[in-house]
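Each remark here refers to the structure printed beneath this line.
In this note's numbering, the protein residues as written are 294 to 549.
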């Protein structure tokens, strides 16, 4: 998959960062020596983690060079590492591992979550947040446009880029034998956006990437036009003329 676009991702920085703020606020550690932001992106979540633990060594990890370069400019005194979240192993255990909006792109959660827990110090905390929106109109729409258009063959595997989250209870069953305490909750954010075109722009920075990458520029333009037409039906204007993007997210905190 092509590199992420930090500028496009940060178009909705405040909305994208709010779940990270909510997650970090719930981490049950008053102090930490080493904290790691897996899938740190452009550093917005890393900044929150660093502010929560100002005395800690902070490490950001991502596969995207564009995201890492943006993060380094944002936080020049922080260590940022190019590495795969699925296989990355710390040289020393961390007190906090934050994984904000990244693990939905990584398969094999039954082995991934224990792998992450194993890299925590005693009493350390894994704090993860994952979009749980594959059944929302944004993602149902992109799958239908992909299947119904002339690009269907090219996009036959596009939806496989995202991991389908298992039932919430399965995360509890997986983590509770390995952790001293597990806290799980689900929140649906409702983001006011200017119009359906803004919803498309939001998705171009994340969920649409595997659908757009296989297409040539003309096909991309046609796909986005068809997608916007569908979203116009799915996201009617509210009383103030804006549309509301409902965005469910799953939160997990596991303390070793």
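Yeah, the Cβ is synthetic: ideal placement off N, Cα and C, and Gly gets one too. None of these values were measured; they are calculated from a predicted model.
{"Item": "Continuous alpha helix (DSSP H) stretch holding residue 521: start and end", "Value": "510-527"}
{"Item": "Buried or exposed by the 16-neighbour rule on C-beta atoms within 10 Å, applied to residue 470", "Value": "exposed"}
{"Item": "Whole-number beta carbon distance between residue 424 and residue 528, since they are thought to touch under 8 Å", "Value": "Incorrect: roughly 17 Å between the Cβ atoms, too far for contact."}
{"Item": "Where the beta strand (DSSP E) through residue 444 begins and ends", "Value": "It is not in any beta strand (DSSP E) - residue 444 carries neither H nor E in the DSSP assignment."}
{"Item": "For residue 495: DSSP bridge partner residues", "Value": "Answer is none; residue 495 lacks a bridge partner."}
{"Item": "Buried versus exposed, by CB contacts within 10 Å (16 or more), residue 369", "Value": "exposed"}
{"Item": "Inter-stretch contact (C-beta, 8 Å, three-pair minimum) for the segment 497-508 and the segment 446-455", "Value": "yes"}
{"Item": "Host beta strand (DSSP E) of residue 340 (start-end)", "Value": "Segment 337-345 is the alpha helix (DSSP H) holding residue 340; no beta strand (DSSP E) there."}
{"Item": "Residue 344 to residue 385 span [Cα, whole Å]", "Value": "22 Å"}
{"Item": "Burial state of residue 474, where buried means 16 or more other Cβ atoms lie within 10 Å", "Value": "exposed"}
{"Item": "Span separating the alpha-carbon of residue 485 from that of residue 531", "Value": "9 Å"}
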